[in-house]
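Participant:
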Amino acid sequence: MQTDQFRTTAGTSVTAVTADEMRDVDRVAVEEIGLTLPRMMEHAGRSLAAEALGMADGRVADDGPVVVLAGAGGNGGGGLVCARHLANRDVPTTVVLDREPADLDGVPGEQLRILQAMGVAVQTAEPSEASLVVDALLGYGLAGAPRGRAAELIEWTGNSDAPVLSLDVPSGVDATTGERPGVAVDAERTLTLALPKTGLADTDSRLLLADLSIPTTVYDRLDIPYESPFGRAFTVELKR
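Heads up, the sequence shown is in the numbering used here, so the first residue is 182 and it goes up one at a time.
#1: What residues match up with V277 in a beta bridge as DSSP calls it?
#2: Buried or exposed for M299, please, with buried defined as at least 16 other CB atoms from any protein chain shown within 10 angstroms of its CB.
#3: At the level of alpha carbons, what is the spacing between R208 and T274?
#4: Below 8 Å on the Cβ atoms is my contact criterion, and I expect V366 with S347 to pass it. Report the Cβ-Cβ distance as a whole number of Å.
#5: Quick one: Cα of P453 to Cα of R294, how far?
#6: Going residue by residue through the region 285-353, where are the continuous beta strand (DSSP E) segments of at least 3 residues, counting only ones entirely within it?
#7: Quick check: what's the CA-CA separation for V262 versus T184?
#8: Can you tell me the Cα-Cα spacing of Y321 and L278, whole angstroms?
#9: Under a Cβ-count criterion, where at least 16 other Cβ atoms within 10 Å of its own Cβ denotes burial, should T384 be classed as buried or exposed?
#10: Do you know how far the Cα of P282 is from the Cα of G192?
#11: Just to confirm, is the Cβ distance from V312 to A343 under 9 Å?
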């Protein structure tokens, strides 16, 4: 972990963690405290939708739908929650999966079924246009270079003129080191979750931090220095 890489615009220092340390945070939050993955996914997706709404304002009618790229993990589930909130606000939204819909299971699969019941467009092919790309393909669990359909979708974002908003870590960027072992997303903004990741220090993204409602006791149990950066807000901007 790093205690001096990031601070809020108000000056509060925020500890950055590695991918392994973030896994421990998630584990303690779920197994010892009782938070659930669906609950945290809802917080992530709603915060992501709020950022997407601000970035897409005034662009959607002329430039196409908001395109949400979603994988099969927790990051993808957060992207699907984001798509639901956008659709609920009458924002034209298209979801592009990195696999066939039938292959999405678990909590992300539940989120997908909600979208399908709503009639939100879900496909695997790249759309012809986008006003904004929401990157929720790969999270901090990246191991090696992106492969297969995920890699192709990352390449598509690089060829699109639309701005990109990434969830937690731009897909293809190592959350711990910041290295790019293969293709990677160049995000205009990154909404990272709970704590910033050490690998974000050298990215060019505008960096925001979203509250997942993880209580301080989780960080205490893991000896992670923590002073809540949120105050009365649910999302704050971070400076390097």
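Every residue, glycine too, gets a C-beta built ideally from N, C-alpha and C. All of these numbers come straight from a predicted model, not from anything done at the bench.
Facilitator: Based on what the coordinates show:
#1: L250, Q304
#2: Residue burial annotation: M299 is exposed, with fewer than 16 other C-beta atoms found within 10 angstroms of its C-beta.
#3: Roughly 32 Å separates the two Cα atoms.
#4: The distance from the Cβ of V366 to that of S347 is about 6 Å, consistent with a contact at the 8 Å cut-off.
#5: The chain is shown only over 182 to 421; residue 453 falls outside these bounds and no answer can be derived.
#6: 302-304, 313-317, 345-348
#7: 31 Å
#8: Distance between the alpha carbons of Y321 and L278 is about 18 Å.
#9: buried
#10: 44 Å
#11: Checking the displayed sequence, the identity of residue 312 turns out to be Ser instead of Val. Cβ atoms of S312 and A343: closer than 9 Å.
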